[in-house]
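Each protein sequence line maps, in turn, to chains A and B. Under the working numbering, think of the first position of the first sequence as 131, with each following residue one higher. Under the working numbering, think of the first position of the second sequence as 1190, with each following residue one higher. Cβ coordinates follow ideal geometry from the N, Cα and C atoms, glycine included. Okay, structure first, notes after.
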Amino acid sequence: MTRNAFRFTLALFCAALPALAEVDLSGSWQSKNHEDALERGAGPNPGDFTGIPFNDSGRAFALMNSQSQLSMPERICAFYSQWHLMVGTFGVKMWNEVNPVTGKTVAWIIAPWEDRAEMKIWMDGRPHPGKNAPHSQEGFTTGVWDGDVLTATTTHMLTGYLRRNGVMTSDQATMITHFIRHGEIMTLASEIIDPVYLTEPYYITRSFVNTTNLMASGGPPCIPGDEGVPEGTVPHYLPGKNPLVDEMTNLYGIPREAAMGGSETADPAYRDKIKDKFKTPPKCQKNCGGPPAGN
Amino acid sequence: MRFRLFALTMAAALPLVAQPPRGGRGGPPPTPQALAPIDLTGYWVSIVDEDWRYRMVVPPAGDYMGVPMNGASKRVADAWDPAKDEAAGEQCKAYGAPAILRQPEHLHITWQDDRTLKMETDAGTQTRLFHFGDWKAPGGPATWQGDSVAEWEITRGGRGGPAPEPNAPPQGKGSLKVMTTHLKAGYLRKNGVPYSDKAQLTEYYDEIREADGNLMMVVTIVTNDPEYLREPFIITSHFKKQAGADGWKPTPCSAKW
């Protein structure tokens, strides 16, 4: 036996254990929109701010929103930050970039999809840019392993949608996402910390299923165009004039105060406050789901 | 010769990486409680910011968005009548194991003994028992919470770290897997979306320490039901650790609220 062969075997052994706690997250992961299906699909109802830990500024800003802002050439492609990974309908295509010399993972990549930019999770210990560095739709993300959970921290994003009905994040927001793999299921637990619009972190969890179907890495790009909004105007509602503020009451019997969100609306104890105000809603009329025809 | 011996040693060492700690020489094997890689005990409160209108209030009849129902399921759900359920003493249908962690609630998790983890909920005043090891179900009629067997999924420290003590539980690296069968038929949602008594439940419990210091429990819930689902129903609930029993308020099951 030669010394080279000995070294080769040792290298193979070490390569098999690049870091024993790391997990292979690579592959195509299909989104299972079994929760918040409307929000992640067609889009949430207007005025549905339930569970959002707003401050007054965040709520006021959301109530001023008109979805027609997305028809402005400047904003057609602008509102989808990395958070869209959690609230969009699309899956996750993920792989790791490796230093060809050391074999170490330099970054985990989540492919872009339409309006959402690529997420590159730097694993090489580089610092985040300074607070005055430019922001981008992609933001800047670093990752660390904690046991078998990859934790990614994203900063330097542009303002974007927290919920696609006008609930916004500011450019001061930080997104922290935990990637948890259990066999064929990958769960993402993610929070947004936003000192401008939120009183506390907004935390949601989503599950994805590994698929052998090759998932597109990119999708059609978002292209700004003229959709008829006159130059120099921003579609909006003035304070107190949003005509859709009672949509959740009309559709689901949910009191307006609950629909308007706030951290207490995510607390189980909040049910006691609205019990006597809740009106049993009529039978579902639209966006009702159910089995596809023939099932 | 030395190379072969070395390679053999390396190959033999590989599978040990994922093994949980074993008992010391001559001693009894460590108990599941002693092996726990994460501490799930204590009080937890659900953060209801997903599926809010399906969880915090009773959703409209016929609102099935998101659930991979089949036609048989829809026929059952379309006949949902909460008053009839209550009259029949079936008001806990939405508090069975596949749905109980979607209730707005507090959890109290303790070790009943060193092989059984107990989860109590204040919503519906339910109790689940997660049995480790070679537990055998006692039989009898199916129940809302079914029969649950549990195991730790344990990962060990990375290369370069100190070698773990043979019996020391790795801290913060691992999760709990729970598989539940023998369920009494119930509802996945309060508006009558059914699961059958053939349903099987698999859950993964993970703990995450957040940047603000809060400890979160993330539960990935997979319900398989050959009778009423076209594919596994996969949802994820999250809970925040509490310092004490604040807000703990046991309430009975309700079919109407």
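When the distance is taken between beta carbons, is K1445/B closer than 8 Å to Y1376/B? no
With DSSP as the reference, label N380/A as helix, strand or coil. Taken through DSSP and simplified to helix, strand or coil, N380/A comes out as helix.
Once the 5 residues before and after T1332/B are set aside, which same chain residues still bring their CB inside 8 Å of it? H1371, L1372, K1373
Taking the beta strand (DSSP E) that D1395/B falls in, what are its first and last residues? 1389–1398
Limits of the unbroken beta strand (DSSP E) element including I1227/B: That residue, I1227/B, is in no beta strand (DSSP E); it is neither H nor E in DSSP.
Check the Cβ-Cβ distances between W1341/B and every residue of chain A, and say whether any is below 8 Å. no
Same chain, Cβ closer than 6 Å to G1350/B, neighbours up to 5 away in sequence not counted: Since pLDDT at G1350/B reaches only 47, below the 50 mark, its modelled position is unreliable, and the value read off the structure follows with that caveat. Closer than 6 Å at Cβ, skipping near neighbours: no residue.
Paired residues, beta bridge with Q1431/B - DSSP: Y1232/B
Report yes or no: do three or more beta-carbon pairs, one from the region 153–163 of chain A and one from the region 333–347 of chain A, lie closer than 8 Å? yes
Is there a C-beta anywhere in chain C that falls below 8 Å from the one on K1362/B? The structure shown contains no chain C; its protein chains are A and B.
Supposed contact pair N372/A and N175/A - C-beta distance, whole angstroms, cut 8 Å: So it is not a contact: roughly 13 Å between Cβ atoms.
Backbone CA spacing between H265/A and A303/A [nearest angstrom]: 11 Å
From N229/A, P331/A, E387/A, residue whose alpha carbon lies closest to that of E321/A: P331/A
Suppose you measure from the CA of P398/A to the CA of A1400/B; what does that come to, to the nearest Å? 23 Å
With contact counted as at least three CB pairs below 8 Å, one residue from each stretch, are the region 1261–1268 of chain B and the region 1379–1386 of chain B in contact? yes
State the DSSP-derived secondary structure class of R256/A, mapped to helix, strand or coil. coil
What residues in the region 382–403 of chain A bring their beta carbon closer than 8 Å to a beta carbon of chain B? Cβ contacts with chain B come from Y382, G383, I384, A388, T395, A396, D397, P398, A399, Y400, R401.
For K1362/B, count neighbouring Cβ atoms within 10 angstroms of its own Cβ and tell me buried if that reaches 16, exposed if not. buried
In angstroms with no decimal places, state the Cα-to-Cα distance between A1388/B and V1367/B. 14 Å
For G383/A, count neighbouring C-beta atoms within 10 Å of its own C-beta (all shown protein chains included) and say buried if the count is 16 or more, exposed if not. buried
Could you check whether the region 401–414 of chain A touches the region 1263–1282 of chain B, counting it as contact only if at least three pairs of C-beta atoms, one from each stretch, sit closer than 8 Å? Under the three-pair Cβ rule at 8 Å, the region 401–414 of chain A does not count as touching the region 1263–1282 of chain B.
Where does K1273/B sit, in a helix, a strand or coil, going by DSSP? helix
In the DSSP output, what is S201/A paired with across the bridge? For S201/A, which the question treats as bridged, DSSP gives no partner whatsoever.
When you check each C-beta in the region 284–297 of chain A against every C-beta of chain B, which residues fall closer than 8 Å? Cβ contacts with chain B come from no residue of the region 284–297 of chain A.
Please tell me whether V243/A and T271/A are closer than 8 Å, where the distance is taken between their beta carbons. With the sequence shown as reference, residue 243/A is identified as Trp, and Val is not the correct amino acid for it. Contact: no.
Starting from W1341/B, follow its DSSP beta bridges and name the residues at the other end. L1365/B
Judging by CA-CA distance, which residue of L168/A, G355/A, T289/A is the nearest neighbour of W213/A? For the residues L168/A, G355/A, T289/A, the minimum Cα distance to W213/A belongs to T289/A.
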